[in-house]
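Structure first, commentary second.
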Amino acid sequence: MIKDERWEGVYSFEDSPYLMEILSNLRDKETGTIKFRKGLVKLGRYMGYEFTRTMDYDKLRVETPLETTEGVAAGDRKHVLIITVLRVAIPLMEGLIKTLECSRVGIVSASRGHAPEFNIEMKYIKVPQIKPEDTLIIADPMIATGSTLIRTIEGIKQCGKPKRVVIMGVLAAPEGIDSIKELHPDVEIFVAKIDRELNKKGYILPGLGDAGDRAFGEPLNISMLPLMHNLE
Ligand code: URA
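The sequence shown begins at 20 in our numbering and counts up one residue at a time.
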């Protein structure tokens, strides 16, 4: 895990060849939907594992069959709340809960409109009660403009004050981190890698394309929905 000197509380996992290998597979345009989703689950699992190094633990005494020795108890790992930003955070969350298995899970549906406004539409928020001892992890693989995350953080901060607010992503653009940190300097950010920049359409470069479409397939054009009702 590397601390990025440009910001406070921003970390990447560029020092892990294993995680960089998974990321390279995700970037590859030849990687199909199933491998892409599996890659996101894997990243979630190992980023979750690396993240546990930053958590507080309790000490305990443990009795082996031979003698008593010092041990470690879950501590903060018992109090994790993962907010899954639909749709592409689903496989990342699936990976995270393999390591952070006691996590409660909230769901937020937020979608970003087109450039240049990038208006955010939030249609669905279902979040368990936020407690002062919680480490609240917002899973969102692509930190691009940061606007979806800013809306999500603002919504969450109105619901309670957790111990830590953490964003867990795959890639981030420096522009997105700047925007989030300007408004919410207390929020920590962990990503596999910080990429170069955003393009005019709000995609991260070099990036991996539209992560939602690559994980789940391109969505149906909304204008086709009445046609589906007719089929019922
Ligand atoms: N969302 C994506 O899926 N990809 C990007 O590059 C930026 C936002």
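Yeah, the Cβ is synthetic: ideal placement off N, Cα and C, and Gly gets one too.
Item to check | Residues sharing a beta bridge with GLY90, DSSP | outcome: The count along the sequence shown starts at 1 and reaches residue 90 at position 71. Beta-bridge pairing links GLY90 to LEU79.
Checklist entry - Taking the Cβ atom as the reference point for each residue, do LEU105 and LEU62 lie within a distance shorter than 8 angstroms? => result Here residue 105 corresponds to residue number 86 of the sequence shown, with the count starting at 1. Here residue 62 corresponds to residue number 43 of the sequence shown, with the count starting at 1. In this structure, LEU62 does not lie closer than 8 angstroms to LEU105 by Cβ.
Checklist entry - If ILE41 and SER31 are in contact, beta carbons under 8 angstroms, what's the gap, nearest whole angstrom? => result Mapped onto the sequence shown, residue 41 falls at position 22. Mapped onto the sequence shown, residue 31 falls at position 12. Not confirmed; about 14 angstroms, so no contact.
Checklist entry - In the structure shown, what three-state DSSP assignment does ASN240 receive? => result As a working note, residue 240 is residue 221 in the sequence shown. Three-state DSSP puts ASN240 in coil, outside helix and strand.
Item to check | Nearest-angstrom beta carbon gap, ALA158 and MET141 [assumed within contact, 8 angstroms] | outcome: Translated into positions along the sequence shown, residue 141 becomes position 122. Translated into positions along the sequence shown, residue 158 becomes position 139. Your pair MET141 and ALA158 does not check out as a contact, with CB atoms roughly 16 angstroms apart and the cut at 8 angstroms.
Checklist entry - Measuring CB to CB, does THR118 end up less than 8 angstroms from GLY67? => result If you number the sequence shown from 1, residue 118 lands on position 99. If you number the sequence shown from 1, residue 67 lands on position 48. Cβ distance < 8 angstroms, so THR118 and GLY67 count as in contact.
Checklist entry - Alpha carbon to alpha carbon, what distance is there between ASP229 and GLY179? => result Numbered from its first residue, the sequence shown carries residue 179 at position 160. Numbered from its first residue, the sequence shown carries residue 229 at position 210. About 32 angstroms.
Checklist entry - Any heavy atom of ligand 1 closer than 7 angstroms to the CB of PHE197? => result Residue numbering aside, residue 197 sits at position 178 when the sequence shown is read from its first letter. Position check: residue 197 holds Asp in this sequence, whereas Phe was assumed. Because no heavy atom of ligand 1 lies under 7 angstroms away, the Cβ of ASP197 does not count as near it: no.
Next on the checklist: Excluding the 5 residues flanking PHE137 on each side, which residues of the same chain have their C-beta closer than 7 angstroms to its C-beta?
Outcome noted: To locate residue 137, count along the sequence shown from 1; it is residue 118. Same-chain partners within the cutoff: ARG131, THR164, SER166 and GLY221.
Item to check | Per DSSP, the bridge partner or partners of MET161 | outcome: In the sequence shown, counting from the first residue as 1, residue 161 sits at position 142. Paired residues: LEU190.
Checklist entry - Bridge partners of TYR222, per DSSP? => result Taking the sequence shown and counting its residues from 1, one reaches residue 222 at position 203. The partner list for TYR222 (beta bridge, DSSP) is empty, contrary to what the question assumes.
Checklist entry - Exposed or buried, ARG25, counting other C-beta atoms within 10 Å across all chains shown (16 or more means buried)? => result As a first step, residue 25 is located in the sequence shown; it is residue number 6 there, counting from the start. Exposed is the call here.
Next on the checklist: Using the three-state DSSP reduction, which class does GLY125 fall into: helix, strand or coil?
Outcome noted: On the sequence shown, position 106 is the one that residue 125 refers to. Correct three-state label for GLY125: strand.
Checklist entry - Got a sec? Which residues, its chain only, sit under 6 angstroms from ASP34 by beta carbon, not counting five neighbours each side? => result Residue 34 sits at position 15 when you count from the first residue of the sequence shown. Taken in chain order, the residues that qualify are ILE21.
Item to check | TYR222 CB to nearest heavy atom of ligand 1 below 7 angstroms | outcome: By 1-based counting over the sequence shown, the position of residue 222 is 203. Yes, the Cβ of TYR222 comes within 7 angstroms of a heavy atom of ligand 1.
Next on the checklist: Please return the same chain residues whose Cβ sits closer than 6 angstroms to the Cβ of ARG215, not counting the five positions on each side in sequence.
Outcome noted: Sequence index remark: in the sequence shown, residue 215 carries index 196 (1-based). Within the same chain, ARG215 has close Cβ partners LEU224.
Next on the checklist: Buried or exposed for PRO160, going by 16 or more other Cβ atoms inside 10 Å?
Outcome noted: Counting from one through the sequence shown, the residue named residue 160 turns up at place 141. Buried.
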